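Per this note's numbering, the sequence shown runs over residues -5 to 69.
Note that CB positions come from ideal geometry on N, CA and C, so glycine has one too.
Just so it is clear, the structure is predicted and the values come from calculations on it, not from any experiment.
What follows is one structure encoded as structure tokens, with my remarks underneath.
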Amino acid sequence: PKGAYYVFPKILGFDLPAVDFAKLLVDEAKVVTIPGTSMGPSGEGHLRMSFAAPSDYINKAFDRIDNFAKDHHLI
């Protein structure tokens, strides 16, 4: 069936609003996410990530996020 899967991870290690963190991921990791606040105020501190893309795109995005986390000493 046509549809999409999403994850809603919590942002850890940064003291930034979700919208600012999402912008940081675009600027530094070249990965687009949606701030959790787009789903309402309780989404603050979270990101919305879609899995409605080819698996090679998703894998590349997670590699970029992994490198971003390493660059910021999160892992």
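{"Item": "Note down, in chain order, each residue of its chain lying with its Cβ closer than 7 Å to the Cβ of H40, except the 5 sequence neighbours on either side.", "Value": "F2, P3, K4, I5, A12 and G30"}
{"Item": "If you draw a straight line from the alpha carbon of K24 to that of P35, how long is it in whole angstroms?", "Value": "25 Å"}
{"Item": "Is S44 near A(-2), with beta carbons less than 9 Å apart?", "Value": "yes"}
{"Item": "Three-state secondary structure (DSSP) at Y51?", "Value": "helix"}
{"Item": "To test your reading of the DSSP string, which unbroken beta strand (DSSP E) runs of 3 or more residues are found completely within the stretch 12 to 67?", "Value": "41 to 44"}
{"Item": "For A47, count neighbouring Cβ atoms within 10 angstroms of its own Cβ and tell me buried if that reaches 16, exposed if not.", "Value": "exposed"}
{"Item": "Just verifying my parser: in three-state terms, what is the DSSP assignment at K(-4)?", "Value": "coil"}
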